[in-house]
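Have a look at the structure below, then the notes.
Protein chains: 2
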Amino acid sequence: MGDVIKLENHLEQPETAAGDPPVERRRRSGGRSAERTRRPPAATKYLNLVNTTAKSAVLSEDALEAVHEASLTILEEIGMDIILPEARERMKAAGAEVTPGTDRVRFDRGLVMEMMASVPSSFTMHARNPLRNVEIGGNNLVFAQVASAPFVADREGGRRAGNQEDFRKLVKLAQSYDIIHTTGGYPVEPVDIHASVRHLDCLSDMVKLTDKVFHVYSLGRQRNLDGIEIARIGRGISMEEMEREPSLFTIINTSSPLRLDGPMLQGIIEMSSRNQVVVVTPFTLAGAMAPVTIAGALVQQNAEALAGIAFTQMVRKGAPVMYGGFTSNVDMKTGAPAFGTPEYMKAVIAGGQLARKYNIPYRTSNTNASNTLDAQAAYESAFSLWALTQGGGNFIMHSAGWSEGGLTASFEKFILDVDMLQMVAEYLTPLDVSADALGLDAVRDVGPGGHFFGTPHTLARYETAFYSPILSDWRNFETWTEAGRPTTYDHANRIFREKLDAYERPPLDPAIEDELDAFVARRKEEGGVPTDF
Amino acid sequence: MGDVIKLENHLEQPETAAGDPPVERRRRSGGRSAERTRRPPAATKYLNLVNTTAKSAVLSEDALEAVHEASLTILEEIGMDIILPEARERMKAAGAEVTPGTDRVRFDRGLVMEMMASVPSSFTMHARNPLRNVEIGGNNLVFAQVASAPFVADREGGRRAGNQEDFRKLVKLAQSYDIIHTTGGYPVEPVDIHASVRHLDCLSDMVKLTDKVFHVYSLGRQRNLDGIEIARIGRGISMEEMEREPSLFTIINTSSPLRLDGPMLQGIIEMSSRNQVVVVTPFTLAGAMAPVTIAGALVQQNAEALAGIAFTQMVRKGAPVMYGGFTSNVDMKTGAPAFGTPEYMKAVIAGGQLARKYNIPYRTSNTNASNTLDAQAAYESAFSLWALTQGGGNFIMHSAGWSEGGLTASFEKFILDVDMLQMVAEYLTPLDVSADALGLDAVRDVGPGGHFFGTPHTLARYETAFYSPILSDWRNFETWTEAGRPTTYDHANRIFREKLDAYERPPLDPAIEDELDAFVARRKEEGGVPTDF
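These protein sequence lines are chains F and G, in that order.
Position 221 (the first sequence) corresponds to 221 in my numbering; numbering is contiguous.
Position 470 (the second sequence) corresponds to 470 in my numbering; numbering is contiguous.
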């Protein structure tokens, strides 16, 4: 059934925190990660994934241009409702046309493209462990865990509302696999923690239970500020360094069609002004919040994404930002959202074409709409992975654990996804075509009619020749029957429990932990954040 | 849950059989299919699939050349064991080097490439219903049903040895979906029919229960001849016309490493000499019958495929033939074959590169190794479909129903695969980017903050806007729970039974049926074929 990657070997903590010269700190392998570069840890196979496969296209050059122009026409002629006075003022100052007494803002196509020109094509998101830094853009491929599910499920416990215990278990699982490069938000919403202080407990857990980059929700200005401070403390650096090194990201969803709500706009202002990462993602379900045609939904997605991205650049030129695509279709008989469909595949690939046109990193998702871990869960996810790989996705939200169209974070689905993500990573690994790999001598040794089981060529390679899946059950029918005919669901259920049992906290400087605890305690004494926004 | 395609509308029988002038008969839409062209049937959505997606590559140009050259070196220096005197004589006559007193034949690289030059890059396989003709090569994508499984399974009956009743049910299912373009052999081996006459009953069933192209096993000369005669009778044409219009195919497996057995060589001689279709497919499991490296297994696959393909051209220049790839890996802990793995994906894509290099149609497969219909069955198949689509597979064996690494034909897996194949076909359908589809007016109508459920743009399109899956269960958790929480397996079990209940035989001219029955009866009286080969 295959061993899973062991992480412990390389979870060393940086020896120094803030003592390196800034010029060194900006280099990807410089500064405190230099020693690590000299002594590479054993199991970093799935870090820094690169997707060099030729990207697919579903839009011709003309069609791509037509989608682009139509979306600019929307922004110019229809505009967006911008539900925050401060944002409208900043937009007006940048040259947008605000209709007095209303929320409506119209953006000249020249203004939009002028703003797009300053968007960085790639950047690094910095984790408290530099090994966990992630490169965003280009051919880089970064997988983030499921986020924001209201429910959580495993077979024994069934489907239930999220709580802190399950939140922590899922975060521990995210830490346990190298292929999960970052968390993606709260994997499940822990509703047993009061909303006024939930972000303090949850983000503090992110620092303690993982050493990976994490996300802050844009649900009011103070949450963003608290999140930035927690990320700063976790990394043990100054706020000036945080501004040089983006270390935290936020998902900004438009309220489709054509609206940006107050907390989202505040999130852009707080995050972009401090050079933290914003991911602008319209959620454009064709036939519901967007036109029933995939082309039409893409036009609207593009309009909304460009508006949000342009605003990040109005706040701070050069602020790191991603183009998010989340166009899918609904079941027109019931209105239920559908994911991992042929239409979703086309939308994902078209989204990649648009992002590449603007030379901006592309965020998409690993989706499915199944209520359980059955064949549907697997084929919808596999089709999603096909599309996002061929479409050049850079940052993949909901990579592992997404079930029931995002309503549930599933422990078993998390393991299934990890296995599938690792298979994608293995598929993207270059094929060894050295003279030795071509194996002429091995063929000569064996000759017609023989077999290769015991040859030196085989013996020298068999242990590492092939990917060893976590879940795939390749036993013959009789052996599998004797074992009780386990399904993938059974294996995934066993594996997630084993993995949780084996979890170890990544090292954290006690001084940092103390500072973090003190900050959280103080902010809780202050009452956390208002929850009446 | 989606309607399934109805076939009845277009299962008309050709009005004339052999009366059209030959020059017309060679044209794809000419002759007796002309009327059909003028009145296209409603439900031919999944016939004549074209895969215009840009093909992926896992071999650089240099690596492709290195694999090619290494395989030619194998044929030149090591050679193949050719277990049929007549074949060795034909090879010697064509210029190969036969070592006297042995089976060993060595092929000069110039000879191999000279033979490859006459291979047709594309051709038509003719069915008894011209609507079911399949174009092989180029960007065409043809799906064939599972073949040659010794076992059959459905949930109620469990896994059992194949028999005629299950054989017929599976053949009926193949007829019931347009996305299944041809059968692929016996979907399950009906061991309750004596081997001496099994091919007579089975191929006669293929003509009666389907109107699609079918396959004859190369298990001795007489079986090939009987199969050709049955195909001829089924089409109601002369043997001269059969020779102009390939109507039957055979899979030729090498006995890896580097051996071609007698019945396979006889199959090439009988089929190629009559211009029928040969599919040369080495079964090169890396680490077992081929080197443990994927590159090495590909070198060996290529050597064996080239030898078999070259032989078809020695038998008859220009005979239709396909390049078959079936390289995968084994589980090195147990020796069990693995399918749908990252290694399989790379091998499928590399095989496509090789076939395109030789400008020859490419056969590959939809594989998985699961013992049941679980997530593994789906993800291994979906990864296979990803690879064969991106790799430019032209003719896909085992497209639907393959389970347990090919040991079992599964009724439920058949439906799952049909659904996944249809999703691939929908993905390959060009995206509508007309001005109307771009939907600017719809966005204008709805404006910020609205929804698109009731707009004219939606109402005009909602019924056909999206693919309606056979199996995907998109109901919300509560409704799904009330329905008893069915999985994909449950749905597939129900659907295959409904589909069998709805099956209707395609029309067949009674004169043809009589001629077919008389032929089978005569051949049975003659004792069928020897079974001691």
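Just so it is clear, CB atoms sit at the ideal spot from N, CA and C, and this is done for glycine as well.
Asked                                                                                                                 : Found
Sequence-distant residues of its chain with Cβ nearer than 6 Å to G:A305 (five each side left out)                    : V280, P282 and Y323
Min CB distance F:I78 to chain G below 9 Å                                                                            : yes
For F:S176, three-class secondary structure by DSSP                                                                   : helix
Interface flag, F:N537 vs chain G, CB-CB below 9 Å                                                                    : Nothing about residue 537 of chain F can be read from this structure; chain F reaches only from 1 to 533.
Assigned exposure category for F:K413 - 16 Cβ within 10 Å defines buried                                              : buried
6 Å Cβ shell around F:H181 - same chain, five flanking residues per side excluded                                     : V134, V142 and F143
Any chain G beta carbon closer than 9 Å to F:G393                                                                     : no
Continuous beta strand (DSSP E) assignments of at least 3 residues falling wholly in the region 242 to 312 of chain G : 248 to 253 and 277 to 281
Members of the region 139 to 170 of chain F that neighbour chain G once the beta carbon cut-off is set at 7 Å         : R159
Nearest-angstrom Cα separation, counted from F:Y177 out to F:R47                                                      : For the record, residue 47 of chain F in the displayed sequence is Leu; it is not Arg. Near 10 Å, if we compare the C-alpha coordinates of F:Y177 and F:L47.
Proximal residues of chain G, C-beta to C-beta of F:R45 below 7 Å                                                     : A quick correction: the sequence has Lys, not Arg, at residue 45 of chain F. Those within 7 Å of F:K45 in chain G number zero; the least Cβ separation is about 13 Å.
Element boundaries [alpha helix (DSSP H), containing G:R523]                                                          : P510 to E525
Cross-chain neighbours of G:N329 in chain F, by beta carbon under 9 Å                                                 : A465, F466 and Y467
G:S122 versus G:S218, G:Q175, G:P361 and G:E525, residue with shortest Cα-Cα distance                                 : G:P361
Assumed close pair F:V216, F:L203 - CB separation to whole angstroms, cut-off 8 Å                                     : 7 Å
C-beta atoms of G:V545 and G:T389 nearer than 9 Å                                                                     : Because chain G spans 1 through 533 in this model, residue 545 of chain G falls outside it and cannot be assessed.
Alpha-carbon to alpha-carbon, G:W386 and G:Y489                                                                       : 22 Å
Min CB distance F:I294 to chain G below 9 Å                                                                           : yes
Alpha-carbon to alpha-carbon, G:F383 and G:P342                                                                       : 8 Å
Residue range of the alpha helix (DSSP H) that includes G:I349                                                        : P342 to Y358
Beta-carbon gap between F:L583 and F:Q164 smaller than 9 Å                                                            : Residue 583 of chain F lies beyond the residue range present for chain F, which begins at 1 and ends at 533; the question has no answer from this structure.
Beta carbon of G:N139 nearer than 9 Å to that of G:G392                                                               : yes
Interface partners of F:S56 on chain G, CB under 7 Å                                                                  : T53 and A54
Residue-chain proximity (F:I360, chain A), Cβ-Cβ < 9 Å                                                                : Absent from the structure is chain A; the protein chains it does hold are F and G.
Chain G contact residues for F:G449, given Cβ-Cβ distances below 8 Å                                                  : D81, S255, P257, L258 and R259
Closer than 9 Å to chain G by CB, F:F453                                                                              : yes
Where F:G585 falls: helix, strand or coil (DSSP)                                                                      : Any answer about residue 585 of chain F is impossible in this case: the structure gives chain F only from 1 up to 533.
Secondary structure, beta strand (DSSP E): runs of 3+ residues fully inside the region 68 to 95 of chain G            : 80 to 82
F:A521 burial status per 10 Å Cβ neighbour count (16 or more: buried)                                                 : exposed
Through-space distance from G:D154 to F:E156, alpha-carbon basis                                                      : 28 Å
Best match in F:I179, F:E245, F:F326 and F:R198 for proximity to F:Q300 [C-alpha to C-alpha]                          : F:F326
G:A398 at chain F interface by Cβ criterion, 9 Å                                                                      : One point to set straight first is that residue 398 of chain G is His, not Ala, in the sequence displayed. Judged by the 9 Å Cβ criterion, G:H398 is not in contact with chain F.
Proximity test, Cβ basis, 9 Å: G:K357 and chain F                                                                     : no
G:S33 to G:L131 span [Cα, whole Å]                                                                                    : Reliability fails at G:S33, whose pLDDT of 39 lies under 50, so the model's placement of it is uncertain and the value that follows must be treated cautiously. Going from the Cα of G:S33 to the Cα of G:L131 covers about 7 Å.
Member of G:V348, G:F453 and G:L438 whose CA lies at the smallest distance from the CA of F:T334                      : G:F453
Cutoff 9 Å: F:R523 Cβ touching any chain G Cβ                                                                         : no
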